[in-house]
Every structure is written in structure tokens, then in C-alpha cells.
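**Q** Have a look at this one before I ask anything.
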Amino acid sequence: MTTAEAAPETATNGQRSDVLLEVENLKVYYDTDAGQVKAVDDVSFTLQRGERMGLVGESGSGKTTMAMALMRLHKPPAIIAGGTVKLDGVSILDLNEEEMRQTRLRDIALVPQGAMNSLNPVYRVRDQIVDGIKHHTPKGEMPSKSIVAERVVELLNSVGLDASVADMYPHELSGGMKQRVALAVATSLRPKMILADEPTSALDVVVQRQIMLTLEQLQQEMQASVLLVGHDMGLMAQFADVLGVMYAGHLVEFAPIDEVFENPKHPYTKKLISSLPDIQVKGKFTGIDGLPPTLVVPPPGCRFHPRCPIYNDDEDFRGEFTDLRGGLDTGLCTTVDPPLNEVEPRRWVACHLYEGGA
Amino acid sequence: MPSKYIVGRVGMFFLTIFLASTLVFFLPRLSGRDPFREKLFEEAQRGGYLEDVDEIAAALNERYGFDRPLWQQYVSYLGEIARFDLGTSQFTFSKSNNQLLAETLGWTIGLTFISAMVAFFIGTGMGAIMEWRRQNTGLLAAMAPFLMMSAVPYFIFGLVLLTVFWFSWLQAFDWELFPPYGAYDPTVEEWPDWSDFRFLGSAVWHATLPALSIVLVSLGGWAMGMRGMMVTTKGEDYMLQAEAKGLPDNVRFYRYAIRNSLLPQLTGLALQIGLIVSGVVLVEIVFTYPGVGGLLVQSIRNSDYPLIQGIVFVLAFCTAVTTLLLDMIYPLIDPRISYSGN
Ligand SMILES: Nc1ncnc2c1ncn2[C@@H]1O[C@H](COP(=O)(O)OP(=O)(O)OP(=O)(O)O)[C@@H](O)[C@H]1O
Ligand code: SF4
Ligand SMILES: [Mg+2]
């Protein structure tokens with residue numbers, strides 16, 4: 001236990017690498033009667049300290065599954081079937097239960113979905129902020145009541161709430177206020193990394209914006225990295241530095257967000273971006289035609305090929321891709337699952353189109 | 359200004375009592391029998407002397423006011439009830455109903471309260487652990503016999519216990535593990551004496567089998583109810599969030615899972631109290647326990663209207679009081695329900 005508490009200290013005091021989160025070949029499968037659902041299959045990416053990553057992908061592509069696995073909050077039948085997750089040099093998947101518990105909230109915190117009842121209905125807001133702090137403070141080192149009370153007020157103010165909210169019960173709060181409390185809880189120990197899985201879904205647009213602004217302020221003040229899972233491309237464009245795109249359990253594109261919007265490389269991302277009305281105004285993720293594949297027996301080769309405009313030589317996309325398609329061996333699309341490659345500096349794409357050039 | 363919640367609950371309490379007392383007034387009378395006359399006939403036949411029976415019965419009925427129109431009887435009955443005067447039995451003349459109940463009610467309340475609490479807390483605890491430690495299938499296996507027992511009425515199970523502990527093979531060893539009847543050792547003259555430790559011991563010892571037949575039978579129900587609540591609670595968002603907050607297992611178990619599952623479980627307790635009391639009354643008969651059970655049987659057998667009324671009224675009253683108490687406690691443990699709200 002004591003070593004677990006000491007370890008992160010040395011990790012931060014020692015030479016700080018710029019990389020905070022390193023995910024390598026992560027595989028998260030659901031063991032079901034119908035077979036293994038490969039919800040996250042061979043996903044790799046790295047996130048810099050203080051960087052904000054957006055993660056998009058159609059429903060069922062594995063975003064939540066991955067986010068949960070990063071905190072080891074995945075529940076049976078989900079299992080981590082392989083890969084590594086390193087948070088600030090610490091291998092998350094190798095920690096024991098107690099070390100993992102300590103790591104949660106202190107190093108990596110979760111902001112729940114907006115308007116979910118993620119607060120315990122029977123305790124006051126104050127108690128729910130304090131219990132997280134209390135159980136991450138060694139016995140006997142808990143500061144005095146008045147200092148803790150001050151800290152609670154400080155946290156509430158930092159998320160734009162009045163000090164009086166501390167004595168309220170969850171049912172007395174609006175959805176937006178609840179989400180602010182959740183932000184206060186998540187940042188109470190100044191974590192290095194914040195996971196937010198659709199934190200503003202189910203909140204109205206105005207409140208959404210406010211919450212995202214608050215999250216951004218907190219993130220900048222703490223220099224924490226953020227992984228924001230969502231469907232709203234407009235929101236992503238405003239918030240994220242880098243964007244990851246998931247398709248059927250794979251990360252198919254990962255790059256600085258401006259570049260993705262300007263020049264999407266993966267055919268799936270291309271279709272996605274072109275389907276957006278206007279990014280700057282508010283692009284709701286409408287998705288693309290066709291159905292996502294089953295993740296029990298994914299399509300052979302590239303999982304996207306049944307819907308891929310290039311492979312299927314879709315007329316609307318011909319112009320843009322003609323050059324590229326010339327060099328594409330479409331046979332590969334149905335036989336070889338394309339790995340995620342860095343086709344240009346900081347531009348990762350999993351598609352056979354770019355293999356020749358790289 | 360008194361709060362809406364309290365006014366509502368207290369109003370409910372009085373309504374319950376009013377309805378209960380009205381029912382116990384009319385229901386026995388629906389049989390249309392004349393208990394005095396029947397009893398006199400019985401006695402007369404035994405003595406071989408049949409004259410004057412009708413006159414004596416009429417005189418008695420007049421004295422008890424049974425000859426008056428029903429509504430008049432009802433009104434004066436309500437008046438008496440309001441003063442907590444439970445009247446006089448038709449056949450036990452030596453004591454008023456209030457006295458009869460004073461002697462017996464304590465035993466019934468004690469037996470009910472203790473066995474209901476023990477069953478509730480042990481059962482609830484077992485159900486909670488069973489769901490929280492789901493991997494531990496041994497717990498589920500250990501529950502199986504309790505689940506089977508919960509299908510049996512209390513008093514039948516009491517008979518089973520009697521057989522097992524008393525009439526059977528234990529006799530062969532001359533063991534007197536638990537006494538089969540009574541509430542304490544009747545051979546000690548100065549008892550009941552609550553200041554005497556040995557009396558207390560004797561009372562507990564005598565209450566063991568009756569209590570056990572209630573506890574063992576109701577345990578499974580509470581356990582399954584709690585388990586179901588725990589399943590629901592475990593699926594709540596705040597449980598995931600508690601884990602994401604890095605709270606230790608025991609905190610999530612007690613302060614999150616149990617705390618939230620207990621609320622509906624308590625509602626269940628409030629709803630069950632009436633049933634438990636009626637079950638206990640039957641158990642008392644099986645074990646010849648000196649509670650109101652024996653008295654009730656005797657009064658029903660005699661069609662002793664005033665005594666039936668008195669007993670049932672008191673039982674309904676106790677049940678209503680308990681429910682009211684639980685209602686009053688509820689806002690203290692569930693902030694979503696407040697005294698000022700409704
Ligand atoms: N408990 C489970 N058992 C079996 N399969 C599951 C389970 N939970 C999720 N899945 C499957 O895993 C895949 C990924 O689900 P996940 O919830 O991670 O998707 P998502 O990208 O977060 O979707 P959304 O945008 O709708 O939130 C889906 O195909 C889903 O059917
Ligand atoms: S690998 Fe082939 S099928 Fe897959 S996205 Fe690229 S072009 Fe389309
Ligand atoms: Mg999701």
C-alpha cells in the first residue's frame with residue numbers, strides 16, 4: 001500500500017515525459033454466449049500531457065468500452081484480452097486492486113454522462129466530494145474539518161457553483177448543477193487525466209456549452225489530459241486538440257483535429273466529415289449509410305470494406321480518391337486487416353490506401 | 359404550521375384505525391348468531407334443564423346492549439373505543455377486556471418485535487452479502503433451505519420445530535433442549551418478575567422455539583427482497599461513479615449499495631407488519647404461548663363479540679402505530695422524502 005502511494009510521487013518528481021497516456025494493442029472483448037464481441041480490438045495511441053483528445057465513432061464502435069477499460073472499470077462479461085495501458089509510466093493493467101483504487105480519482109478521474117444519476121441520492125453534495133478525498137488520504141493525515149470545508153467551497157466555486165450547494169442533496173439540483181458537482185468531484189484531487197464519456201449528452205445546448213467551458217478551464221488550470229467521448233463533431237472541433245475515430249472496435253484514424261477536418265484520410269472519416277452540415281455551427285454526428293458490422297465475426301480484411309466508398313467505387317467519392325485508388329490493391333481490403341500506421345507525422349490511419357506511400 | 363407529510367401520515371393512521379374498528383364491529387355480527395343463547399343452551403343441555411333460557415338470554419343481551427339497533431351499538435362502541443375502553447367479555451366476567459389484554463399483549467408484542475427484527479436484519483444482511491459477493495456461490499447454496507422454509511406458514515413450521523425438538527429422538531436422550539409451551543417456568547411462584555435475571559433467562563429460553571419458527575420462515579423472504587434491491591442498486595450510475603471515485607469496497611457496500619437498498623426494504627417491513635402479527639398469533643397457539651393468540655381463539659370459539667373486537671382492535675392499533683413510526687422515520691433516512699413535502 002505504501003509503495004503504491006509513493007510510486008506516483010517519484011514518477012512526477014522524476015523526469016517528466018511529455019507522454020501521459022500510452023495505449024498499446026489494447027483488446028477488450030465481451031465473452032458472450034454468442035461468441036466474443038471484440039468491442040476494442042488492437043487499439044494503440046498516445047496522448048500528451050495536457051492534451052485534449054476527442055473520440056468519435058458510431059454507436060457500438062467501442063468508445064465506452066475502451067474508456068472504461070482505461071480505468072479498469074469494465075464489468076463482466078468484458079475482459080481485457082491483451083495490450084498495455086500506461087498512465088504516466090505506470091502500467092495500469094498490472095496494478096493490484098488497492099493500487100488501482102488509489103489511482104482512480106487521484107490520477108485518472110471519470111466525468112459521468114450528463115444528467116445521469118451519478119450522485120448517491122442519500123448524501124449531501126459535501127459528503128460526496130469529501131468521501132473521494134478522504135479515501136485517498138492516508139489515515140491520520142486528513143486535514144481538519146474547516147480546511148476540508150474550505151476545499152469543498154473552493155472546488156464548488158471552481159465549477160461555477162455557489163458554496164451553499166454543498167449542503168444540498170442531489171434531488172435538489174438541476175441536471176447542469178449535478179454535472180458541475182461531478183466535475184468538482186472529478187477534479188478534487190487534481191488528476192493527471194480526465195475521462196469524460198458524453199458528459200453533456202441529455203443536457204440542453206446552453207448548459208452543454210457552459211459545462212464544456214468549465215471543463216476546459218479546469219483542464220487548463222490543472223494541465224490535465226482529457227479524453228472526451230462524444231457524438232457532437234461541433235463540440236469536438238471546439239474542444240479537442242487531437243481526434244480519434246473508432247470503427248467497429250478499431251481506431252481507424254488519429255490525428256490533430258484541424259488536420260482531420262481539413263483533410264480526413266480514412267474513407268470512413270471522409271464520409272463522416274462530408275456528412276456534416278457545418279462544423280463550426282454545430283455538427284451533430286449523423287453517421288453514414290449502412291449498418292455497423294457485428295463485432296463477433298467482423299468482416300474479413302478491413303472491417304469497413306462493406307461500406308467503404310473506395311472499395312465499392314462509390315461515384316460520389318471517385319474524384320477525390322481516384323489517384324489513391326489507382327495504387328490500391330482492393331484484394332487486400334477483403335483479406336488483410338489494415339494496421340494503424342503513421343502515414344504522415346502525427347497522422348495515423350488504418351487503411352490500405354496509404355500503405356504504398358508510407 | 360404542522361408539515362403536510364406528518365398531517366398526511368397521522369390522518370392515514372386514524373383512518374386505518376377507524377376502518378379497522380368498524381370492520382371488527384360488523385364482521386362478527388354478520389354471522390347473526392346469539393352467543394348468549396347458544397351458550398345457555400349448551401349449559402342447559404349439559405345440566406338437563408331447559409327453562410328460562412330465552413328470558414335469561416334476553417336479559418343478558420339487554421345488559422350488553424345487544425338488543426339495541428345496530429347503529430346505536432356501533433355509535434356507543436366507537437365512543438368506548440375512543441376512550442380505549444374495550445368493554446367486557448361476554449363470558450370472562452372476572453376481568454375487563456382491558457385487563458385481559460394487558461396480561462397477554464406484552465408477550466405478543468415482545469415475541470413479534472424481537473423475532474421480526476432478528477429476521478429482518480439477518481435476512482437483509484444475508485441478501486445484501488449474497489449479491490455483493492456474487493462470486494461466492496456457497497452463500498446462495500446456504501440460502502436454499504431458508505427459501506424453501508419461507509413457503510411454509512409460521513405455525514406449520516412451529517409444529518415442525520416442536521416435532522424436531524420435543525417429541526422426537528431427543529426424548530430418547532432425555533434432553534429438554536427447548537420447552538414446548540409457556541412463556542416461563544411456571545413452577546417458580548414469584549414469577550413473572552422482570553427484575554430477576556433468571557426469569558429473563560427462562561423467558562428467552564421459552565420464547566426460542568416460537569421465535570425461531572417466525573425467524574426461520576421469514577428470513578428467506580427478506581434475503582430475497584434485499585438481494586433484488588441490491589441488484590437494482592448495483593446497476594445505478596452512482597455505483598459506477600463510486601468505483602470511479604476510488605472508494606474502497608466496504609464504503610461502496612455500506613454507504614452506497616446497502617444504504618440505498620434499505621429504503622425499499624423498510625417499506626416492505628412496514629407493509630408486512632400486519633401479516634407478521636397475524637402469523638405470530640397462530641404461532642402462539644401452537645406453543646401455548648400466553649399472548650393474545652390463545653385469547654383470540656377462545657373468543658372466536660365463543661363468538662365473544664366484545665373480546666374479539668378488543669383483541670383485533672388492539673392488534674390493528676399496534677400495527678398502525680408501527681407503520682406510523684416507520685413513516686416518521688422514513689424522511690430521516692431518505693432525503694428525497696421530506697416532512698414538508700407530501
Ligand atoms: N455487456 C455487454 N455484453 C456484450 N456486448 C456488449 C456489452 N456492452 C457492450 N457490448 C458491445 O460492445 C460494443 C461496443 O459498445 P460500447 O458501449 O463501447 O460502444 P460505444 O462506442 O460507447 O457506443 P455509444 O456511442 O452508443 O455509447 C457494442 O457492439 C456492444 O454491442
Ligand atoms: S482498407 Fe480498403 S476497405 Fe478499408 S477503408 Fe481503406 S480502402 Fe476502404
Ligand atoms: Mg458509449
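First to last, the sequence lines map onto chains H and L.
If you count the first sequence from 1, position 175 lands on 175 in my numbering, and the numbers rise without skipping.
Offset between the second sequence (1-based) and my numbering: plus 358.
Glycine residues also receive a C-beta, built at the ideal position from the N, C-alpha and C atoms.
The structure displayed is predicted, hence computed values, not measured ones.
(1) Shorter than 8 Å from the beta carbon of glutamine 493 of chain L to some beta carbon of chain H?
(2) Under 8 Å between C-beta atoms, does lysine 603 of chain L make it to chain H?
(3) So asparagine 25 of chain H is in the beta strand (DSSP E); what residue range does that whole segment cover?
(4) With a threshold of 8 Å between beta-carbons, can aspartate 543 of chain L be considered close to chain H, or not?
(5) Mind checking asparagine 25 of chain H: buried by the 16 CB within 10 Å criterion, or exposed?
(6) Of all Cβ atoms in chain H, is any one closer than 8 Å to the Cβ of leucine 598 of chain L?
(7) If we cut at 8 Å on Cβ distances, does glutamate 548 of chain L have a partner in chain H?
(8) Between leucine 110 of chain H and chain L, is there a C-beta pair that is closer than 8 Å?
(9) Are the CB atoms of alanine 81 of chain H and threonine 65 of chain H nearer to each other than 8 Å?
(10) Determine the chain H residues that contact asparagine 456 of chain L at a beta-carbon separation under 8 Å, and present them in chain order.
(11) Closest by CA to proline 309 of chain H, which one among H:Val252, H:Ile108, H:His266 and H:Ile129?
(12) Is it true that the stretch 117-131 of chain H meets the stretch 593-605 of chain L, where meeting means three or more beta-carbon pairs spaced less than 8 Å apart?
(13) Which chain H residues are close to tyrosine 614 of chain L, counting only those with a beta carbon under 7 Å from its beta carbon?
(14) Could you tell me if threonine 521 of chain L is buried or exposed, where buried requires 16 or more neighbouring beta carbons within 10 angstroms of its beta carbon?
(15) List, in chain order, every chain H residue whose beta-carbon is nearer than 9 Å to that of aspartate 692 of chain L.
(16) Can you tell me which of the three DSSP states valine 518 of chain L falls into?
(17) Tell me which residues pass a beta-carbon proximity test against ligand 1: closer than 6 Å to any heavy atom, given in chain order.
(18) Which ranges would you report for the alpha helix (DSSP H) in the stretch 639-688 of chain L if only whole runs of at least 4 residues count?
(19) Is methionine 475 of chain L buried or exposed, if buried means 16 or more other CB atoms sit within 10 Å of its CB?
(20) Do histidine 250 of chain H and ligand 2 come close, with the Cβ less than 7 Å from some heavy atom?
(21) Under a three-way DSSP split, which group does aspartate 412 of chain L fall into?
(22) Look at the alpha carbon of tyrosine 647 of chain L and the alpha carbon of tyrosine 539 of chain L, and state the distance between them as a whole number of angstroms.
(23) Does the distance from the C-beta atom of lysine 192 of chain H to that of aspartate 94 of chain H stay below 8 Å?
(24) How do the stretch 154-167 of chain H and the stretch 179-191 of chain H stand: do at least 3 beta-carbon pairs fall below 8 Å, yes or no?
(25) Going by DSSP, name the residue or residues bridged to serine 225 of chain H.
(26) Along chain L, which residues have their Cβ under 8 Å away from the Cβ of leucine 155 of chain H?
(27) Would you grab the beta carbon distance between methionine 588 of chain L and alanine 615 of chain L for me? Rounded to a whole angstrom, and I think it's under 8 Å.
(28) So which residues of chain H does valine 609 of chain L contact, with C-beta pairs closer than 8 Å?
(29) I'd like to know whether the C-beta of aspartate 595 of chain L is nearer than 8 Å to at least one C-beta of chain H.
(30) Determine, using beta-carbon pairs with one atom in the stretch 125-139 of chain H and one in the stretch 214-227 of chain H, whether at least three such pairs fall under 8 Å.
(31) May I have the straight-line CA-CA distance separating serine 274 of chain H from proline 264 of chain H, to the nearest angstrom?
(32) Determine the burial state of serine 379 of chain L: buried for a count of at least 16 other Cβ atoms within 10 Å of its Cβ, exposed for fewer.
(33) Would you verify that the beta carbon of arginine 101 of chain H is, or is not, closer than 8 Å to some beta carbon of chain L?
(34) Taking Cβ to Cβ, would you say methionine 246 of chain H is nearer than 8 Å to leucine 55 of chain H?
(35) Judging by CA-CA distance, which residue of H:Gly175, H:Val349, H:Pro299 and H:Leu235 is the nearest neighbour of glutamate 253 of chain H?
(36) Measuring from the CB of aspartate 88 of chain H, is there a heavy atom of ligand 3 at a distance below 7 Å?
**A** Result, derived from the coordinates:
(1) Translated into positions along the second sequence, residue 493 of chain L becomes position 135. Not one chain H Cβ lies under 8 Å of glutamine 493 of chain L.
(2) Along the second sequence, read from residue 1 onward, the residue named residue 603 of chain L stands at position 245. Closer than 8 Å to some Cβ of chain H, the Cβ of lysine 603 of chain L qualifies, so yes.
(3) Against the first sequence, residue 25 of chain H aligns to sequence position 25. 19-32 is the span of the beta strand (DSSP E), which, as asked, contains asparagine 25 of chain H.
(4) The count along the second sequence starts at 1 and reaches residue 543 of chain L at position 185. Not an interface residue.
(5) Position 25 of the first sequence, counted from the first residue, corresponds to residue 25 of chain H. Under this definition asparagine 25 of chain H is an exposed residue.
(6) As a position in the second sequence, residue 598 of chain L is number 240, starting the count at 1. Yes, because at least one Cβ of chain H sits closer than 8 Å to the Cβ of leucine 598 of chain L.
(7) Counting from 1 along the second sequence, the entry for residue 548 of chain L is found at position 190. Not an interface residue.
(8) Against the first sequence, residue 110 of chain H aligns to sequence position 110. Taking Cβ atoms only, chain L reaches closer than 8 Å to leucine 110 of chain H, which makes this a yes.
(9) Residue numbering aside, residue 81 of chain H sits at position 81 when the first sequence is read from its first letter. Residue numbering aside, residue 65 of chain H sits at position 65 when the first sequence is read from its first letter. Going by C-beta atoms, alanine 81 of chain H is not nearer than 8 Å to threonine 65 of chain H.
(10) Along the second sequence, read from residue 1 onward, the residue named residue 456 of chain L stands at position 98. The contacting residues do not exist; asparagine 456 of chain L stays about 43 Å from chain H at best.
(11) For the purposes of this step, residue 309 of chain H is taken as the residue at position 309 of the first sequence. Here the closest residue by C-alpha is H:His266.
(12) yes
(13) The residue labelled residue 614 of chain L in the question sits at position 256 within the second sequence. Asn120, listed in chain order.
(14) Reading the second sequence from its first residue, position 163 is the one you call residue 521 of chain L. Exposed is the call here.
(15) Within the second sequence, the letter at position 334 stands for residue 692 of chain L. Neighbours of aspartate 692 of chain L on chain H, chain order: Pro121 and Val122.
(16) For the purposes of this step, residue 518 of chain L is taken as residue 160 along the second sequence, with counting starting at 1. In the structure shown, valine 518 of chain L sits in a helix (DSSP, three-state: H, G or I).
(17) H:Tyr30, H:Thr32, H:Val37, H:Ala39, H:Gly57, H:Ser59, H:Gly60, H:Ser61, H:Gly62, H:Lys63, H:Thr64, H:Thr65, H:Pro77 and H:Leu295
(18) 650-659
(19) As a first step, residue 475 of chain L is located in the second sequence; it is residue number 117 there, counting from the start. With fewer than 16 other Cβ atoms within 10 Å, it is exposed.
(20) To locate residue 250 of chain H, count along the first sequence from 1; it is residue 250. False, no ligand heavy atom lies under 7 Å from that Cβ.
(21) Here the question's residue 412 of chain L lines up with position 54 in the second sequence. Of the three classes helix, strand and coil, the one that applies to aspartate 412 of chain L here is helix, per DSSP.
(22) By one-based count along the second sequence, residue 647 of chain L stands at place 289. By one-based count along the second sequence, residue 539 of chain L stands at place 181. Tyrosine 647 of chain L and tyrosine 539 of chain L: Cα-Cα distance of roughly 6 Å.
(23) Taking the first residue of the first sequence as position 1, residue 192 of chain H is located at position 192. Taking the first residue of the first sequence as position 1, residue 94 of chain H is located at position 94. In this structure, aspartate 94 of chain H does not lie closer than 8 Å to lysine 192 of chain H by Cβ.
(24) yes
(25) For the purposes of this step, residue 225 of chain H is identified with residue 225 of the first sequence, where counting begins at 1. According to DSSP, serine 225 of chain H bridges with H:Met193.
(26) In the first sequence, the residue the question calls residue 155 of chain H occupies position 155. Correct list: empty, because the minimum Cβ distance to chain L is about 14 Å.
(27) Here residue 588 of chain L refers to the residue found at position 230 when the second sequence is read from its first residue. Here residue 615 of chain L refers to the residue found at position 257 when the second sequence is read from its first residue. Contact flag correct, Cβ pair sits at about 6 Å.
(28) One-based indexing of the second sequence puts residue 609 of chain L at position 251. In chain order: Asp131 and His135.
(29) Indexing the second sequence from 1 puts residue 595 of chain L at position 237. So yes, aspartate 595 of chain L belongs to the interface.
(30) no
(31) Taking the first sequence and counting its residues from 1, the one referred to as residue 274 of chain H is at position 274. Taking the first sequence and counting its residues from 1, the one referred to as residue 264 of chain H is at position 264. Whole-angstrom Cα-Cα distance: 9 Å.
(32) Looking up residue 379 of chain L in the second sequence gives position 21. With 16 or more other Cβ atoms within 10 Å, it is buried.
(33) In the first sequence, counting from the first residue as 1, residue 101 of chain H sits at position 101. Yes, its Cβ sits closer than 8 Å to a Cβ of chain L.
(34) Taking the first residue of the first sequence as position 1, residue 246 of chain H is located at position 246. Taking the first residue of the first sequence as position 1, residue 55 of chain H is located at position 55. In contact: methionine 246 of chain H and leucine 55 of chain H (Cβ atoms closer than 8 Å).
(35) Indexing the first sequence from 1 puts residue 253 of chain H at position 253. When each option's Cα is compared against that of glutamate 253 of chain H, the closest is H:Val349.
(36) As a first step, residue 88 of chain H must be located in the first sequence, where it is residue number 88. Not under cutoff, so the answer is no.
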